[in-house]
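This report concerns only the one structure given below.
Number of protein chains: 2
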Amino acid sequence: MSLTQSVLEGNRLSLSRLLTQVENNSPEGRAALIELFPHTGRAHLIGVTGAPGTGKSSLVNQLTLYYRKQQNKRVAIIAVDPSSPFTGGAVLGDRVRMRDLSGDEGVFIRSMASRGSVGGLAQTTASFTQVFDSAGYDIIIIETVGAGQSEVDIARLAHTTIVVEAPGLGDEIQAIKAGILEIADVLVINKADRPGVENTERALRTTLELAHPTKRVFRHHGQVMSIDAPEANAKIWIPPINKTVATDGKGIAELAESIAKHVAHIRHSGDWALRDRARLGSEMEAVLQGALMSQFMSEVPKDKYKEIMEKVIQRSISPYEAVKILLNGNSK
Amino acid sequence: MSLTQSVLEGNRLSLSRLLTQVENNSPEGRAALIELFPHTGRAHLIGVTGAPGTGKSSLVNQLTLYYRKQQNKRVAIIAVDPSSPFTGGAVLGDRVRMRDLSGDEGVFIRSMASRGSVGGLAQTTASFTQVFDSAGYDIIIIETVGAGQSEVDIARLAHTTIVVEAPGLGDEIQAIKAGILEIADVLVINKADRPGVENTERALRTTLELAHPTKRVFRHHGQVMSIDAPEANAKIWIPPINKTVATDGKGIAELAESIAKHVAHIRHSGDWALRDRARLGSEMEAVLQGALMSQFMSEVPKDKYKEIMEKVIQRSISPYEAVKILLNGNSK
Chain F
1 MSLTQSVLEG NRLSLSRLLT QVENNSPEGR AALIELFPHT GRAHLIGVTG
51 APGTGKSSLV NQLTLYYRKQ QNKRVAIIAV DPSSPFTGGA VLGDRVRMRD
101 LSGDEGVFIR SMASRGSVGG LAQTTASFTQ VFDSAGYDII IIETVGAGQS
151 EVDIARLAHT TIVVEAPGLG DEIQAIKAGI LEIADVLVIN KADRPGVENT
201 ERALRTTLEL AHPTKRVFRH HGQVMSIDAP EANAKIWIPP INKTVATDGK
251 GIAELAESIA KHVAHIRHSG DWALRDRARL GSEMEAVLQG ALMSQFMSEV
301 PKDKYKEIME KVIQRSISPY EAVKILLNGN SK
Chain L
1 MSLTQSVLEG NRLSLSRLLT QVENNSPEGR AALIELFPHT GRAHLIGVTG
51 APGTGKSSLV NQLTLYYRKQ QNKRVAIIAV DPSSPFTGGA VLGDRVRMRD
101 LSGDEGVFIR SMASRGSVGG LAQTTASFTQ VFDSAGYDII IIETVGAGQS
151 EVDIARLAHT TIVVEAPGLG DEIQAIKAGI LEIADVLVIN KADRPGVENT
201 ERALRTTLEL AHPTKRVFRH HGQVMSIDAP EANAKIWIPP INKTVATDGK
251 GIAELAESIA KHVAHIRHSG DWALRDRARL GSEMEAVLQG ALMSQFMSEV
301 PKDKYKEIME KVIQRSISPY EAVKILLNGN SK
């Protein structure tokens, strides 16, 4: 039986081997992605992001346990950790995970701790979701460890993006938060048993109101009217704020409920299809860009590239001029 | 007088206008970059990165004041903040900055708060450094607000990368730290008047020893020998750990000293030139990639692209197959 066939039938060892091939971008991995692609499009992708220290991993574990026990859904977790493989991160998180989730055949956890280009990470994440999707996982959680732009970009690949906060984080974190709030479909204040939870909630509500005004002003038969936004347009989704204590499992059922409502909303509004389209569009662009680049590099003589690069180093031509010369020379 | 001429002569208003053109990637901006490029290659680029809450902005301000007062150097600061423009980050940091540094003609501060693709941010940062470099700024500090992979990638464009830590950050932050430690040329424990500074320093030293073993084993005339690394190879740079209290200016002179030693080291070892080469190489690649993509997109019929994209959305062909079809069709 082929590796892809074995993955489609749910073999965990084959799945694990295929993910490694995909991560290494091997010819077998690429061929398998092509074969598996028609079997994708069913899974619900959930992105989880937020500043370090907010307890994302515990939250993801609890949510996974909930989906397993209450809804018998199969869950895959992709933990994207762009930090170095040589210590810390992935290992630490995985140890906690093993305790809570190990031995459950309905859960598959894979971390990507390898460094490399940001583009590479995003593309590997997209490919991983396709593998899990085709292997029949109902829910795929993409958890990003950092809180930078690239992590946010990866998390927003999902149908539902959860932004996790915690009380008592400093001003600078608040500032970063404002940026990621815009992409939140569901907000979570984790560690909600800690002091300062009211302040955090108030700050979030204020920021949310800036991003999603609850009053909309419009003209109706020439008169200026103002009504509450949800009534004005049923298509508007106001991100709910959920409070959780992940270590105790508190608030997890309510969070799952918020997520379910969001899924229903985007299925109804057409946003689910739009997000799928945007995700596949970016993926196609990334593949195209890579293919164009390697095609070009295989055609341009190495000596010529080096020679032009040397002129740039010497500051006699700029990178822009260098590229112009390369492109003209190549088309002749 | 042309805008570039005016920038070369130190006109601040022209500089500001040019940066906006570069940020918008306007034809004038691109033309100016080509004109200015031969005037670059003199500035010392310093990258500053680290987790939120470590006090990076205050540290950058104090370091800038030091370079102004003690060494009369002209300093440009590029604050890269990938978070949203609509609240927080850049504004907050800028307000602190205005208090400390405003009115000094030898300092120029520019934030990039606009969101967009990560690649775009890195490319704009590279272009900004060229503008400041050609305008005669001796030191260009690239400060990144987040702590994700993209921020790290941007900070490492520099000749000298400073990683800032603070006592008392949680486990998850420690884990991220491991990743960014690898790129540190100089380590700073800021807020060193806080409790826990010894623990932080010990943890950093342990991690550093993993990354840079102080004993090297090698073979000499057939015998296995082991000696201290710095003696074994004078080219090895062990990142020093500096302790600072940026709000009081404590430890800033010593930090400047560490930075000066690093510059002397990389000038001597040839690493300065290697880093320049790597930076210009990546920039050229990014420009080439963009040019190839826009050339391709201008040649491929829009209807055809849409039609193939639609097949991907329907899951009848995979993104890889779609790209193959696009590339073959286009070359015929």
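Chains as they are written, first to last, in our numbering: chain F, 1 to 332; chain L, 1 to 332.
Note that beta-carbon positions come from the ideal geometry of N, C-alpha and C, so glycine has one too.
task: Determine, using beta carbons only, whether Gly338/F comes closer than 8 angstroms to chain L.
output: Look at the range of chain F in this structure, 1 to 332, and you will see that residue 338/F is not part of it.
field: the segment 10-24 of chain F touching the segment 118-130 of chain F, judged by at least three CB pairs closer than 8 angstroms
entry: For the pair of segments examined, the segment 10-24 of chain F was found to touch the segment 118-130 of chain F: the number of CB pairs separated by less than 8 angstroms reaches three.
query: Ile183/F and Ile46/F: beta carbons closer than 8 angstroms?
result: Position 183 of the first sequence, counting from 1, holds the residue named residue 183/F. Position 46 of the first sequence, counting from 1, holds the residue named residue 46/F. No. Outside cutoff.
Residue-chain proximity (Ala184/F, chain L), Cβ-Cβ < 8 angstroms: Translated into the one-based positions of the first sequence, residue 184/F becomes position 184. Not closer than 8 angstroms to any Cβ of chain L, the Cβ of Ala184/F fails to qualify, so no.
task: Return no unless some Cβ of chain L is closer than 8 angstroms to the Cβ of Arg315/F.
output: As a working note, residue 315/F is residue 315 in the first sequence. Yes, because at least one Cβ of chain L sits closer than 8 angstroms to the Cβ of Arg315/F.
- request: Return yes when the Cβ of Ala43/F is within less than 8 angstroms of the Cβ of Ile140/F, no when it is not.
  value: Here residue 140/F is taken as the residue at index 140 of the first sequence, counted from 1. Here residue 43/F is taken as the residue at index 43 of the first sequence, counted from 1. Cβ distance < 8 angstroms, so Ile140/F and Ala43/F count as in contact.
query: Taking only beta-carbon atoms, is Ala322/L less than 8 angstroms away from chain F?
result: Along the second sequence, read from residue 1 onward, the residue named residue 322/L stands at position 322. Chain F contact via Cβ: present.
- request: Go ahead and pull the three-state DSSP assignment for Met284/L.
  value: If you number the second sequence from 1, residue 284/L lands on position 284. The answer is helix: DSSP assigns Met284/L an H, G or I state.
- prompt: Given that a residue counts as buried once 16 or more other Cβ atoms are within 10 Å of its Cβ, and exposed if not, what is Ser58/F?
  reply: The residue given as residue 58/F occupies position 58 in the first sequence. When all chains shown are included, Ser58/F counts as buried.
- prompt: What is the DSSP secondary structure of Glu9/L, counted as helix, strand or coil?
  reply: On the second sequence, residue 9/L is found 9 positions in, with the first residue counted as 1. Coil at Glu9/L, not helix or strand.
task: Can you tell me the Cβ-Cβ gap for Val300/F and Val287/L, rounded? I've got them flagged as a contact below 8 angstroms.
output: Mapped onto the first sequence, residue 300/F falls at position 300. Mapped onto the second sequence, residue 287/L falls at position 287. With 8 angstroms as the limit, Val300/F and Val287/L do not qualify as a contact, their Cβ atoms being about 14 angstroms apart.
task: Could you tell me how far apart the beta carbons of Ile154/F and Leu121/F are, in whole angstroms, since I believe they sit closer than 8 angstroms?
output: As a working mapping, residue 154/F is identified with position 154 in the first sequence. As a working mapping, residue 121/F is identified with position 121 in the first sequence. That pair is a contact at about 7 angstroms.
- prompt: If you measure beta-carbon to beta-carbon, which residues of the segment 25-46 of chain F are closer than 7 angstroms to chain L?
  reply: Arg30, Leu33, Ile34, Phe37, Pro38, Thr40, Gly41
task: Starting from the C-beta of Asn72/L, find all residues in its chain whose C-beta is less than 8 angstroms away, skip the five residues before and the five after it, and write them out in chain order.
output: The sequence position of residue 72/L within the second sequence is 72, counting from 1. These residues qualify, in order along the chain: Gly106.
- request: Scan the segment 13-65 of chain L and note each continuous alpha helix (DSSP H) run of 4 residues or more that stays entirely inside, going in chain order.
  value: 27-36
query: Where does Ser111/L fall in DSSP's three states?
result: Within the second sequence, numbered from 1, the residue matching residue 111/L stands at position 111. The answer is strand: DSSP assigns Ser111/L an E or B state.
query: So what does DSSP say about Asn190/F, is it helix, strand or coil?
result: Your numbering for residue 190/F matches position 190 in the first sequence. Three-state result, Asn190/F: coil.
query: What's the gap between the Cα of Gly270/L and the Cα of Lys69/L?
result: Position 270 of the second sequence, counting from 1, holds the residue named residue 270/L. Position 69 of the second sequence, counting from 1, holds the residue named residue 69/L. Straight-line Cα distance between these residues: approximately 30 angstroms.
Residues that Gly270/L contacts on chain F, provided the C-beta gap is smaller than 8 angstroms: To locate residue 270/L, count along the second sequence from 1; it is residue 270. Those do not exist, as Gly270/L stays about 13 angstroms from chain F at its closest Cβ, beyond 8 angstroms.
- request: Report back the beta-carbon spacing between Val163/F and Gly50/F to the nearest angstrom; my notes put them in contact at under 8 angstroms.
  value: Taking the first sequence and counting its residues from 1, one reaches residue 163/F at position 163. Taking the first sequence and counting its residues from 1, one reaches residue 50/F at position 50. Between Gly50/F and Val163/F the Cβ distance is about 5 angstroms, and since that is below 8 angstroms, they are a contact.
query: What does Gln289/F touch in chain L if you count any residue whose Cβ is under 7 angstroms from its own?
result: Position 289 of the first sequence, counting from 1, holds the residue named residue 289/F. By Cβ distance, chain L contributes Gln289, Met293.
In chain order, each alpha helix (DSSP H) run of at least 4 residues that lies wholly inside the segment 287-324 of chain L: 302-313
- request: Measure from the C-beta of Val312/L to each C-beta in chain F and report whether the shortest distance is under 8 angstroms.
  value: Mapped onto the second sequence, residue 312/L falls at position 312. Yes, Val312/L counts as interfacial toward chain F.
- prompt: Considering only residues of the same chain and omitting the five flanking positions on each side of Ser254/L, which have a CB-CB separation below 7 angstroms?
  reply: Position 254 of the second sequence holds residue 254/L. The sequence shown places Glu at residue 254/L, rather than the Ser named in the question. Result list for Glu254/L: Asn242, in chain order.
query: Does Ala135/F have its Cβ less than 8 angstroms from a Cβ in chain L?
result: Position 135 of the first sequence, counted from the start, is the residue given in the question as residue 135/F. With 8 angstroms as the cut-off, Ala135/F does not count as an interface residue toward chain L.
query: Does the beta carbon of Ala51/F come closer than 8 angstroms to any beta carbon on chain L?
result: Residue 51/F sits at position 51 when you count from the first residue of the first sequence. Ala51/F counts as touching chain L.
query: Mind pulling the beta strand (DSSP E) runs of 3 or more residues that sit fully within the segment 119-145 of chain L?
result: Listed in chain order, the complete beta strand (DSSP E) runs (minimum 3 residues) inside the segment 119-145 of chain L are 139-144.
Exposed unless 16 or more other CB atoms sit within 10 angstroms - verdict on Ser298/L: The residue you call residue 298/L lines up with position 298 of the second sequence. Exposed: under 16 other Cβ atoms inside 10 Å.
Span separating the alpha-carbon of Thr160/L from that of Ile308/F: Counting from 1 along the second sequence, the entry for residue 160/L is found at position 160. Counting from 1 along the first sequence, the entry for residue 308/F is found at position 308. Their backbone Cα atoms lie some 27 angstroms apart in a straight line.
task: Indicate the three-state DSSP secondary structure (helix, strand or coil) for Thr207/F in the structure shown.
output: Counted from its first residue, the first sequence places residue 207/F at position 207. Thr207/F falls in the helix class under three-state DSSP.
- request: Tell me, please, which residues DSSP counts as bridged to Asn328/F.
  value: Stepping through the first sequence from its first residue, residue 328/F is reached at position 328. Partner(s): none; Asn328/F has no beta bridge.
- prompt: Between the Cα of Leu18/L and the Cα atoms of Thr124/L, Ile266/L, Ser282/L, which residue gives the shortest distance?
  reply: Start at 1 with the first residue of the second sequence, and residue 18/L comes out as number 18. The candidate whose alpha carbon is nearest that of Leu18/L is Thr124/L.
message: Rounding to the nearest angstrom, what Cα-Cα distance links Gly251/L and Arg74/L in this structure?
response: Mapped onto the second sequence, residue 251/L falls at position 251. Mapped onto the second sequence, residue 74/L falls at position 74. Using only the alpha carbons, I get a separation of about 21 angstroms.
query: Does the distance from the C-beta atom of Gly249/L to that of Asp133/L stay below 8 angstroms?
result: Residue mapping note: residue 249/L aligns to position 249 of the second sequence, counting from 1. Residue mapping note: residue 133/L aligns to position 133 of the second sequence, counting from 1. Not closer than 8 angstroms, so no.
- prompt: If you draw a straight line from the C-alpha of Ala232/L to the C-alpha of Gly281/L, how long is it?
  reply: In the second sequence, residue 232/L corresponds to position 232, counting from 1. In the second sequence, residue 281/L corresponds to position 281, counting from 1. Here the model assigns Ala232/L a pLDDT of 45, short of 50, so the residue's position is not dependable, and the following value carries that caveat. Distance between the alpha carbons of Ala232/L and Gly281/L is about 31 angstroms.
CB contact below 8 angstroms: Ser84/L versus chain F: Numbered from 1 along the second sequence, position 84 holds the residue referred to as residue 84/L. Note on Ser84/L: pLDDT 40, under 50, position unreliable in the model; no value is reported.
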